[in-house]
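Chains as they are written, first to last, in this note's numbering: chain H, 1 to 199; chain Y, 1001 to 1641.
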């Protein structure tokens, strides 16, 4: 029925896919090129540093592994949030949205700690190519996580004011798509930037 | 079903009354500022881009006046650099791309039988960001050490801004800052438009409008939009890297820290080559609409033209290093990109033959729109052939950075894209104004522009082969410069003839808008859906969403073929199997409400850009404005229910 959809002002579509969902997939496709370009620049410059400190001097792999694990777990809680709203469980939605946001904030705190720690050991944006490419790449990822946290918290607020009801499960699904994408990007960054290090 | 206040189902008459009442909420200028109507946004894109076209044109005339004869002193070397940089950047990002966007906005919903685009407010946001980016770029003239201090503040590192020339060391002042930040904003505007049109085309088609019943222009919009959403993030990253280098001391392009200029070149051209197809494919789409209409024949080999356009879209990602033959990538890379560049000529050539096949045996009507389309084929073919000459590596070594290159890309972007866009302007002007552009003035415009164009750019081919370097601000007259002056003077004369032709167009436009001949719904005996509705179209486009049964559906509603295959009009009262059914009706009409929030969100971006250059506190203000705009946007209802 057309009108069931019209909460967002949309009628049936030619493909059957909701306009907003298609938009989100296209946006994420575009984002692949965005992060791909930054990661390429990092890899191109990985072995071209003229001065230290180098990646191997600074990385604390166990620490970053823990914060990566935290971010991955936030994807699980995001799935649970979507499952909650799809079965109309608004309390569950609230809990899991807040949980996802807190895990995201924990990851960001870990990143802030890592940045200050690296900085204390003498690495800044302008020290060498590693500083430039590392801070900009992971910084843009962190900015994406920050936007995700803002979206999640906004949804919590909207739910509390009654603006997010069980018919709006698509909105939660879209936020989830974004959130999972940002997590997947982190898996790529963690593998290529942290785990595979220059000789 | 939509409900009225009394709870009954909404009738068509009620719906139309309600839309009129809504539109009356905002009057005059405010109705434009708050508009989310694709037709109004299209008009705003067109008018704004045309004004920027005049800016870019004046810059071109300055360049040509400076080069008219040897040892000219109108501009010094530094001013000359800034003027040609602004000319190139303006024409690519503020003229051809937004003029194409104007046609996407005006035509796509009408051609697919939709009432608006998928995301009307996002569409308004695209326009306002485009305007903001364009104004910010041109504000660079007044930047510190700008016109007010008796200098030009504009960027001077070329439209492709090769690093490290764009770094602070070699480009001090704020010119390049304005350039990179305004391009970033224009990129976001293009991205938003790209997403919007892909969703619109895939999701908003009228019943029966399958992908292979879509008009060619819609197909080319789809391909262009895909190129936009994948190419723009690459230039965004390159511009961010430059931004971090210039404003925050990063090392991406700092050779003393190990950085390489090739990083910029790879990223710029990985964006830049799809970009040239972003510029030309919409014009190819327009030509593919105009030629069949004025030949009274369907487009020859429609699926071939579609697949060629798609193939060009894919292949455009594999040719970027032909801009970099002389950077020392090695003979294997050069050979590979040489081959891929020659190969992309194949689908392009297929299209040219299809257009000629469309003309062949047709009953041609040489209207102004048709003349521009035929001019497009001729000029674009020359442009394509000169492109083939520098796909060949040793030949390109000779031509790199000469006027031959300048001649080539003007041949495709002016002789190609702009001729196609003017063809579209003459073809679709009556649909939106209800009046025809004057054909006499139109033909004067065409012939002046055609002659002026060839007089400007063919001599540049000769100059390039004589060895005249690109970007040279003046030249001598003695030995080594033999023949330069005469060819340069011809080019300059041609440039002023082009300027005259634009003046003719402007006179024609203004006169026809006021007192042109009434056009009626279908002045050209058109083939596609936009001609089925009144001119100018009502706010809701289609009172009943049409049911599409064929390619060129509107034509088949008007004509059947007789025994010899000639089209004969459907007799009055007969239905031709196209009786109107009610499938599209009865939904009631939902139109999006006007909104100020896209404008508010867009205003934040130039504030952030200015803040990055002058005072970081302004960044926070700009970000706050963006957030207010976005939250207001999300929380307001999209349609009045």
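Even for Gly, the Cβ is constructed at its ideal location relative to N, Cα and C.
Just so you know, these numbers come straight off a predicted model, no measurement behind them.
Min CB distance residue i to chain Y below 7 Å
i                      : result
residue 30 of chain H  : yes
residue 77 of chain H  : no
residue 4 of chain H   : Annotation note: pLDDT 36 at residue 4 of chain H (below 50); position unreliable, coordinate value reported separately. Judged by the 7 Å Cβ criterion, residue 4 of chain H is not in contact with chain Y.
residue 93 of chain H  : no
residue 128 of chain H : yes
residue 119 of chain H : no
residue 107 of chain H : no
residue 172 of chain H : no
residue 63 of chain H  : no
When the options are compared against residue i, the one with the closest alpha-carbon
i                       : options                        : result
residue 1438 of chain Y : Y/1143, Y/1367, Y/1449         : Y/1367
residue 1434 of chain Y : Y/1104, Y/1371, Y/1506, Y/1534 : Y/1534
residue 69 of chain H   : H/31, H/54, H/108, H/35        : H/108
residue 1610 of chain Y : Y/1502, Y/1180, Y/1307         : Y/1180
residue 1544 of chain Y : Y/1515, Y/1536, Y/1590, Y/1570 : Y/1590
residue 1449 of chain Y : Y/1428, Y/1502, Y/1386         : Y/1502
residue 1492 of chain Y : Y/1064, Y/1053, Y/1032         : Y/1064
residue 51 of chain H   : Y/1257, Y/1140, Y/1418         : Y/1257
residue 171 of chain H  : H/53, H/38, H/99, H/85         : H/85
residue 93 of chain H   : H/158, H/188, H/16             : H/158
Rounded straight-line distance, which links the Cα of residue j to that of residue i
i                       : j                       : result
residue 1358 of chain Y : residue 1549 of chain Y : 22 Å
residue 72 of chain H   : residue 61 of chain H   : 16 Å
residue 1466 of chain Y : residue 1237 of chain Y : 38 Å
residue 1162 of chain Y : residue 80 of chain H   : 48 Å
residue 1582 of chain Y : residue 1392 of chain Y : Because the pLDDT at residue 1582 of chain Y is just 41, under 50, the model does not fix this residue reliably, and the point stays unresolved.
residue 1384 of chain Y : residue 1630 of chain Y : 44 Å
residue 1302 of chain Y : residue 1095 of chain Y : 29 Å
residue 76 of chain H   : residue 1634 of chain Y : 26 Å
residue 1506 of chain Y : residue 1035 of chain Y : 26 Å
residue 145 of chain H  : residue 1598 of chain Y : 24 Å
residue 185 of chain H  : residue 141 of chain H  : 8 Å
residue 1050 of chain Y : residue 1313 of chain Y : 27 Å
residue 1570 of chain Y : residue 1128 of chain Y : 45 Å
residue 1463 of chain Y : residue 1068 of chain Y : 13 Å
residue 1577 of chain Y : residue 1637 of chain Y : Annotation note: pLDDT 47 at residue 1577 of chain Y (below 50); position unreliable, coordinate value reported separately. The straight-line gap from Cα to Cα measures roughly 41 Å.
residue 7 of chain H    : residue 1417 of chain Y : Note that residue 7 of chain H scores 36 on pLDDT, short of 50, meaning its location in the model is unreliable and no value can be drawn from it.
residue 45 of chain H   : residue 1255 of chain Y : 12 Å
Residue-level contact to chain C via CB, residue i, 7 Å cutoff
i                     : result
residue 38 of chain H : Annotation note: the requested chain C is absent from the structure, which comprises protein chains H and Y.
Min CB distance residue i to chain H below 7 Å
i                       : result
residue 1672 of chain Y : The displayed coordinates of chain Y run from 1001 to 1641. Any statement about residue 1672 of chain Y would go beyond what the structure contains.
residue 1598 of chain Y : no
residue 986 of chain Y  : Outside the shown range of chain Y (1001 to 1641) lies residue 986 of chain Y, about which nothing can therefore be said.
residue 1581 of chain Y : For residue 1581 of chain Y, the pLDDT reaches just 44, beneath the cut-off of 50, and the residue's location in the model is therefore unreliable, leaving the point undetermined.
residue 1218 of chain Y : no
residue 1252 of chain Y : yes
residue 1203 of chain Y : yes
residue 1118 of chain Y : yes
residue 1195 of chain Y : yes
residue 1156 of chain Y : no
residue 1278 of chain Y : no
residue 1034 of chain Y : no
residue 1586 of chain Y : Annotation note: pLDDT 44 at residue 1586 of chain Y (below 50); position unreliable, no value reported.
Within 7 Å, strictly: CB atoms of residue i and residue j
i                       : j                       : result
residue 1382 of chain Y : residue 1400 of chain Y : no
residue 129 of chain H  : residue 19 of chain H   : no
residue 1474 of chain Y : residue 1149 of chain Y : no
residue 1132 of chain Y : residue 1199 of chain Y : no
residue 1364 of chain Y : residue 1295 of chain Y : yes
residue 1446 of chain Y : residue 1371 of chain Y : yes
residue 1441 of chain Y : residue 1508 of chain Y : yes
residue 1226 of chain Y : residue 1104 of chain Y : no
residue 33 of chain H   : residue 1230 of chain Y : yes
residue 1299 of chain Y : residue 1292 of chain Y : yes
residue 1115 of chain Y : residue 1488 of chain Y : no
residue 1554 of chain Y : residue 1532 of chain Y : yes
residue 1264 of chain Y : residue 1271 of chain Y : no
residue 1376 of chain Y : residue 1349 of chain Y : no
residue 1233 of chain Y : residue 30 of chain H   : yes
Discussion item. If we require 3 or more residues per run, which beta strand (DSSP E) segments fall completely within the region 1189 to 1232 of chain Y?
Written reply: none
Worksheet item: In chain order, which continuous runs of the alpha helix (DSSP H) of length 4 or greater are located wholly inside the region 1260 to 1322 of chain Y?
Response: 1261 to 1295, 1302 to 1315
Worksheet item: At what residue ranges does the region 104 to 147 of chain H contain a whole run of the alpha helix (DSSP H), taking only runs of 4 or more?
Response: none
Discussion item. Which runs of the alpha helix (DSSP H) at least 4 residues long sit entirely within the region 34 to 108 of chain H? Give them in chain order.
Written reply: 55 to 58, 61 to 86
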